[in-house]
Every structure is written in structure tokens, then in C-alpha cells.
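Heads up: the structure comes next, in C-alpha cells.
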Amino acid sequence: MGEIREGARLAAWAVVGVVGLAVLYLIGAFAFGGAAWITAPFRGAADQRENTVGSGEFRQTTYEEFFDLCEAVQNAEGTIQALQEERKTASETRTAQIDQSITALKATRIESVNDYNSKAAQEHRAPFRDKDLPYRLDAGAKRTTCTN
82 MGEIREGARL AAWAVVGVVG LAVLYLIGAF AFGGAAWITA PFRGAADQRE
132 NTVGSGEFRQ TTYEEFFDLC EAVQNAEGTI QALQEERKTA SETRTAQIDQ
182 SITALKATRI ESVNDYNSKA AQEHRAPFRD KDLPYRLDAG AKRTTCTN
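Just so you know, the sequence shown maps onto residues 82 to 229 in the working numbering.
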């Protein structure tokens with residue numbers, strides 16, 4: 082029976098030794114930055130969530146920016162249409178001025194469409210585009226609708 086007791090005592094010491102080494106390892110991991118490596122996946126998910134949420138000011142500004150860009154496209158379209166109506170009865174000198182204005186407005190409209198589309202494609206801005214706004218605007222379309 083003495084041998085069994087001695088074996089049990091050695092087994093207990095072995096278990097205590099393994100547990101002690103594990104505790105020392107954990108202390109060392111936390112002391113020397115290993116905890117940062119261990120918790121990196123959790124912290125990365127939290128950082129991504131915080132970046133997406135953004136500040137209230139950023140969310141509001143981005144939300145309004147999409148409406149402003151879409152409105153800029155519609156404003157250019159409306160001005161182009163008004164100038165085309167005026168062109169029908171304009172003098173020759175005024176017709177040349179109107180043509181120049183229409184060309185400039187078409188370029189401005191295309192810039193606004195491209196700006197809207199590029200911002201709508203950005204991961205950190207896309208979540209703040211209103212659900213009623215189109216995902217992308219078409220530069221070749223005659224009329225733009227800013228609500229679905």
C-alpha cells in the first residue's frame with residue numbers, strides 16, 4: 082500500500098507542476114504582451130465595429146452629403162433643361178452663350194455623378210447612404226431620381 086500512496090503523491094506533484102507551469106505561462110504571456118496577440122481577433126472586431134459606427138457628426142454629415150450630391154446632379158439637369166428651352170427663342174449671340182453654359186453644366190453634372198458613385202462605393206461611407214437613394218447614379222441618364 083505504501084507504493085500506491087507514493088505513486089499517488091508523485092501524480093499529485095506532477096499535476097501541481099503542470100498547473101504551476103500553465104499559471105507561469107499565462108503570467109508571462111500577460112506580462113510580455115502575449116495577451117495582445119491572444120486577444121487580437123476580438124480587438125480587431127471591436128475596432129472594425131467602432132470604425133463603422135463613427136461619430137455622430139460623421140454619420141450625419143455623410144448622410145446629408147449623399148443627398149447634396151444627388152441634388153447637385155438634379156440642379157444641373159434642371160438648369161440644362163431651362164437653357165435648352167431658352168435656346169429655342171434666343172438670338173445667335175445668346176445661343177452661343179447658352180451652348181457654352183450647357184457644355185459646362187454637363188461636365189459639372191458628370192463630376193457630381195462620379196463623386197456620388199465613388200463615395201457610395203466607399204465601405205466607411207456606404208452604410209450612411211439613405212435607403213431611398215440609388216446605389217449608383219447613371220452619368221448617361223437624362224433625368225436623375227434621388228429617391229427609389
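Heads up, the beta-carbon is just placed ideally off N, CA and C, and yes, glycines get one too.
Which residue comes first and which comes last in the alpha helix (DSSP H) that contains A185? Looking at the DSSP string, the run of the alpha helix (DSSP H) that includes A185 is 173-202.
So I191 packs on L164, CB below 8 angstroms; how close in whole Å? Distance from I191 to L164 at the Cβ level is roughly 16 angstroms; contact not present, criterion being Cβ atoms closer than 8 angstroms.
Would you report the Cα separation of A103 and E87, rounded to the nearest angstrom? The alpha-carbon atoms of A103 and E87 are separated by roughly 24 angstroms.
Taking only the alpha-carbon atoms, compute the straight-line gap between S199 and E146 and give it to the nearest angstrom. Roughly 12 angstroms separates the two Cα atoms.
Am I right that T143 and R224 are in contact with their C-beta atoms under 8 angstroms? What's the rounded C-beta distance? No, T143 and R224 are not in contact; Cβ-Cβ is about 25 angstroms, not under 8 angstroms.
Beta-carbon separation (whole angstroms), E158 vs C227, contact threshold 8 angstroms: Going by Cβ atoms, the distance from E158 to C227 rounds to 11 angstroms, so no, they are not a contact pair.
Own chain residues within Cβ distance below 7 angstroms of T176, not counting five before or after: Same-chain partners within the cutoff: R168.
Flag this pair as yes or no: are the beta carbons of A171 and V194 separated by less than 9 angstroms? No, the pair does not count as a contact, with Cβ atoms beyond the cut-off.
For V154, count neighbouring Cβ atoms within 10 angstroms of its own Cβ and tell me buried if that reaches 16, exposed if not. Burial is judged here by how many other beta carbons sit within 10 angstroms of a residue's own beta carbon; V154 has at least 16 and is buried.
Give every residue of the same chain whose Cβ lies closer than 7 angstroms to the Cβ of T160, excluding the five residues on either side of it in the sequence, and list them in chain order. The answer, listed in chain order, is L186.
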